[in-house]
Amino acid sequence: MDQPDGLTTHDVRISALRTSAEICSICSIILQAIQRCGNNNKENVIIDRTRGSLCMSSGGPRLVRFGHDPERSIRSGSSVPIGLPILPERSNDSQFALLRAWLLECDESHLDCRMPQDKSKNVFPTRVLDVSDAKGPNRVRLVGASEILEQRYVALSHCWGTLSEKEKKAYCTTALNIYPRSKVGGISIFELPKTFQDAVEVTRGLGIRYLWIDSLCIIQDGDNGKDWRSESCQMEDVFSHAYCIIAATAAKDSNAGFLKRHARSDFAFVQNASGQEFYISADVDDFDQDVGKAQINTRAWVMQEEVLARRTIHFSANQTYWECGKGVHCENLIRLISPRRDKYFTLDPNFPSRLIQSGKRRTLNCISFLFQEFSKRSLTVRTDRCIALSGLEARISEALNCRRRYGILEKYLHRNLLWLASDGDLTEITYDHHVPSWSWMAYIGGIQFMGVPLGGVEWYDYLRFDKRCECEHAKVTNLWTVCERKHAIVTNLWTVLNLPKVFCRAQHALLNSDGAKEGWINYDLEGGEDSCEKQCIVVGRLRESGVDKYYVLVVRSTSVNGEYRRIGLGLIQSNYVERQAINVRIV
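Our numbering puts the last residue of the sequence shown at 619; the count rises by one with no breaks.
Here it is, written out as structure tokens:
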């Protein structure tokens, strides 16, 4: 992210800068910033000067920034933005005052970010923590929705980490401890891990009474996990209806905490020719690095939390960021904008309203980005892959007014089926229910969608969801209801004519008798190339430079007559694929 402004460019000699750095604190700060970027072996570097910073050229990382203290005098209309060189302790009154000010401004000025005024549309979690000091300042209590005295609550987004059995018993609500935690004395603050303690402190500092933490507000055992299955599928509502999200971005696990941060003091005050003071400091406003690349954002569950949240306070290792529908603010009073197009949609407090209003191309690109990004993220329990995105998927399918099946949207059925592994091999997940082979949710591993042009493709409309298996998500659990038939797509079967396959990197090239390439096949799993099957289904036809090519899914028959499984996909010239007079189900 960068501050918006114009640009000037400077060619800097490193040897001269190194000499100057011995006597000049400003040059020293700039030199250290260049060295942190890995430019130690270059004699000359190109630096761009914007209104608020110095950056490496051509969109490179920001090196240092300029700012002026709002309490120090500087002329009106200055090109130097407001900003603070030193950040206060996170748990002091000034920090909480800033957080409350952000919330108040958003409440009063950002219509889209506000909670619905109609209370009937508000959704409250089944349980929350009451962090008021009714039981004393060192205790909190688990309360049910029927006991709440106000509608506002905040939710914690965090990394669990690896917990010992002893820690699980203390940090999680179970069938055995829910009664004393909710009906007797509540929970001692000192029994909670540091990340939870910090979340309680922030919630109190914001002036909010209720806090939702997944491990404490969902019963983690008992009755074959019934409460967890039900509550985990309500994540969409929990995070989209929270007054605010507290993101423990700096915490690698439940015990780490997030209110302590690295000390940063690399700055210097300077005066210009007019006697006006401002400062130059090492860059601490790197939202993409501090938040986007933080460990918490490698978790699959967190993606849904961040996209559906109306507003989030990110406590990163370096500084605190406020994120809402109007953008990102730093606690040093700098405002950031993002060059990433997808950020406009993920900031949407009423996701996916912006997405649906932005045209087909941007809608497709954003959906592809979200699904691809989710597929690369980690899960402690692999079978959560279908559940962890269900709320986000439901929002999108509802806005598009179409059905959905395991990460495949009916409106874009053909395009959504054209996925392949993006990096490394896929691994099949063993579920306790059927997940169709044509869904990327059947596998662990990153995927990407084929780069199909927006025009020039004829999609075959005989390929469709099997209407004999009309199992929508159950309203209560948001899980697929049990049905006798497997979720399938119905289509025609085709045969790939006899073309030899030649392995070429991750793909298998299909060559004709003259050795010319007529297409390629990419197998979903290692070993798929050993198949002697020649069957495929055609998804669409690409007309390009007078040659027709078919987008195909390579399939293999199962033990059930007329039933096939996907084993790969490819792009093959049309004269090497022959249609059979048979309808089949791909499961």
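Idealized CB from N, CA, C, for every residue including glycine.
(request) Quick one: using the 10 Å Cβ neighbour count with 16 as the cut-off for buried, is Tyr1 buried or exposed? (result) One cannot answer for residue 1 here, as it falls past the ends of the chain, which runs 33 to 619.
(request) Spell out the partners DSSP gives Cys568 in its beta bridges. (result) For the purposes of this step, residue 568 is taken as the residue at position 536 of the sequence shown. Its beta-bridge partners are Trp526, Val586.
(request) For Gly257, name the three-state secondary structure that DSSP assigns. (result) The residue given as residue 257 occupies position 225 in the sequence shown. In the structure shown, Gly257 sits in a helix (DSSP, three-state: H, G or I).
(message) Suppose the cutoff is 8 Å on Cβ atoms and the five residues either side in sequence are ignored; what does the same chain contact list for Arg437 look like?
(response) Working through the sequence shown from its first residue, we reach residue 437 at position 405. Excluding residues within five positions, the ones whose Cβ falls inside 8 Å are Pro468, Ser471, Phe497, His519.
(request) Select from Ile419, Glu338, Ala332 the residue whose C-alpha is nearest the C-alpha of Ser262. (result) Against the sequence shown, residue 262 aligns to sequence position 230. For the residues Ile419, Glu338, Ala332, the minimum Cα distance to Ser262 belongs to Ile419.
(request) Spell out a yes or no on whether the segment 566-579 and the segment 409-429 are touching, meaning 3 or more CB-CB pairs, one atom from each, closer than 8 Å. (result) The answer is no - the segment 409-429 does not touch the segment 566-579, with fewer than three Cβ pairs under 8 Å.
(request) Rank Arg575, Arg343, Arg386, Gly547 by C-alpha distance to the C-alpha of Val270 and give the top, closest one. (result) Within the sequence shown, numbered from 1, the residue matching residue 270 stands at position 238. Measuring from the Cα of Val270, the nearest candidate turns out to be Arg343.
(request) Using DSSP bridges, identify the partner residues of His361. (result) Working through the sequence shown from its first residue, we reach residue 361 at position 329. Answer is Trp354, Arg367.
(request) Would you mind listing the beta strand (DSSP E) stretches within the segment 120-196 that are 3+ residues and don't spill past its ends, in chain order? (result) Runs of the beta strand (DSSP E) inside the segment 120-196: 159-162, 171-176, 186-189.
(message) Using CA atoms only, rank isn't needed, just tell me which of Thr51, Asp162, Ile312 is closest to Gly84.
(response) Here the question's residue 84 lines up with position 52 in the sequence shown. Checking every option, the nearest Cα to that of Gly84 belongs to Ile312.
(message) Only counting the same chain, and skipping five residues up and downstream in sequence, which positions put a Cβ closer than 6 Å to that of Gln623?
(response) Residue 623 lies beyond the range of the chain shown here (33 to 619); nothing can be said about it.
(message) Buried or exposed, going by whether 16 or more other CB atoms sit within 10 Å of the CB of Ala231?
(response) As a working note, residue 231 is residue 199 in the sequence shown. Buried, since its Cβ has 16 or more Cβ neighbours within 10 Å.
(message) Tell me the rounded alpha-carbon separation between Asn76 and Asp318.
(response) Translated into the one-based positions of the sequence shown, residue 76 becomes position 44. Translated into the one-based positions of the sequence shown, residue 318 becomes position 286. When rounded, the distance between both Cα atoms is 25 Å.
(message) Suppose contacts are defined by Cβ-Cβ distances below 9 Å. Is Gly357 in contact with Cys145 by that definition?
(response) Taking the first residue of the sequence shown as position 1, residue 357 is located at position 325. Taking the first residue of the sequence shown as position 1, residue 145 is located at position 113. In contact: Gly357 and Cys145 (Cβ atoms closer than 9 Å).
(request) Please list the segments of the beta strand (DSSP E) lying wholly inside the segment 406-444, counting only runs of 3 or more residues, in order along the chain. (result) DSSP runs (the beta strand (DSSP E)) wholly in the segment 406-444: none.
(message) Assuming Arg213 is part of the alpha helix (DSSP H), what are its boundary residues?
(response) For this step, residue 213 is matched to residue 181 along the sequence shown. Element bounds for Arg213: 210-215.
(request) Under 8 Å Cβ to Cβ from Glu550, same chain only, skipping five residues before and after it: list those, please. (result) Here residue 550 refers to the residue found at position 518 when the sequence shown is read from its first residue. Counting only Cβ-Cβ distances below 8 Å, and skipping sequence neighbours, we find Leu531, Leu542, Leu543, Asn544, Ile604, Gln605, Tyr608.
(request) Tell me whether His519 sits in a helix, a strand or coil according to DSSP, three-state version. (result) Here the question's residue 519 lines up with position 487 in the sequence shown. Three-state result, His519: coil.
(message) Going by DSSP in three states, Cys276 sits in which element: helix, strand or coil?
(response) Numbered from its first residue, the sequence shown carries residue 276 at position 244. Three-state result, Cys276: strand.
(request) Would you mind working out which of Ile219, Ala207, Gly176, Cys138 sits nearest Ala170, comparing C-alpha positions? (result) Position 138 of the sequence shown, counted from the start, is the residue given in the question as residue 170. The sequence as given places Asn at residue 170; Ala does not occur at that position. When each option's Cα is compared against that of Asn170, the closest is Ile219.
(request) Could you spell out the range, first to last residue, of the beta strand (DSSP E) harbouring Ile312? (result) Taking the first residue of the sequence shown as position 1, residue 312 is located at position 280. Counting along the chain, the beta strand (DSSP E) containing Ile312 begins and ends at 309-314.
(request) For Val172, I'd like the list of residues in its chain whose CB is within less than 7 Å of its CB, leaving aside the five on either flank, ordered along the chain. (result) Position 140 of the sequence shown, counting from 1, holds the residue named residue 172. Leu161, Asp162, Val163, Gly218, Ile219, Ile221, Val232.
(message) Quick check on Met482: does DSSP put it in helix, strand or coil?
(response) For the purposes of this step, residue 482 is identified with residue 450 of the sequence shown, where counting begins at 1. Coil, per DSSP.
(request) Could you work out which residue in Glu140, Leu131, Leu585 is closest to His446 when comparing CA atoms only? (result) The residue given as residue 446 occupies position 414 in the sequence shown. Out of Glu140, Leu131, Leu585, Leu585 has the C-alpha closest to the C-alpha of His446.
(message) Please give the ranges of any alpha helix (DSSP H) in the segment 61-88, keeping only runs that are unbroken, at least 4 residues long and fully inside the region.
(response) none
(message) By the three-class DSSP mapping on this structure, what secondary structure does Ala541 have?
(response) Taking the first residue of the sequence shown as 1, we reach residue 541 at position 509. Note: Ala541 maps to strand in three-state DSSP.
(request) In angstroms with no decimal places, state the Cα-to-Cα distance between Leu458 and Leu529. (result) Sequence index remark: in the sequence shown, residue 458 carries index 426 (1-based). Sequence index remark: in the sequence shown, residue 529 carries index 497 (1-based). Distance between the alpha carbons of Leu458 and Leu529: 27 Å.
(request) Would you give the residue range spanned by the beta strand (DSSP E) that Trp552 belongs to? (result) Stepping through the sequence shown from its first residue, residue 552 is reached at position 520. Element bounds for Trp552: 549-555.
(message) Helix, strand or coil for Tyr624? Go by DSSP, reduced to three states.
(response) Within the shown structure, residues of the chain are numbered from 33 to 619, placing residue 624 beyond reach of any answer.
(request) Could you check if Ser178 is buried or exposed, using at least 16 other CB atoms within 10 Å of its CB as the buried criterion? (result) Looking up residue 178 in the sequence shown gives position 146. Exposed, because fewer than 16 other Cβ atoms sit within 10 Å of the Cβ of Ser178.
(message) Tell me which residue opens and which closes the beta strand (DSSP E) that Ala300 is part of.
(response) Your numbering for residue 300 matches position 268 in the sequence shown. Per DSSP, Ala300 belongs to the beta strand (DSSP E) from 299-303.
(message) In the DSSP assignment, the alpha helix (DSSP H) including Leu224 goes from what residue to what residue?
(response) Numbered from 1 along the sequence shown, position 192 holds the residue referred to as residue 224. Looking at the DSSP string, Leu224 is not in any alpha helix (DSSP H), and its letter there is neither H nor E.
(request) To the nearest angstrom, report how far apart Thr462 and Ile245 are at their CA atoms. (result) What you label residue 462 is simply residue 430 of the sequence shown in a count that begins at 1. What you label residue 245 is simply residue 213 of the sequence shown in a count that begins at 1. Those two C-alpha atoms are separated by around 29 Å.
(message) In the DSSP output, which residue or residues are listed as bridge partners for Asp580?
(response) As a first step, residue 580 is located in the sequence shown; it is residue number 548 there, counting from the start. For Asp580, which the question treats as bridged, DSSP gives the partners Arg575.
(request) Could you name the residues of the same chain whose beta carbon sits closer than 6 Å to that of Ile240, not counting the 5 residues immediately before and after it, in chain order? (result) One-based indexing of the sequence shown puts residue 240 at position 208. Cβ-Cβ distances below 6 Å link Ile240 to Arg184, Val186 in the same chain, with the five nearest sequence neighbours on each side left out; the list follows chain order.
(message) Quick check: what's the CA-CA separation for Gly478 versus Ile440?
(response) Sequence index remark: in the sequence shown, residue 478 carries index 446 (1-based). Sequence index remark: in the sequence shown, residue 440 carries index 408 (1-based). The C-alpha of Ile440 is placed about 16 Å away from the C-alpha of Gly478.
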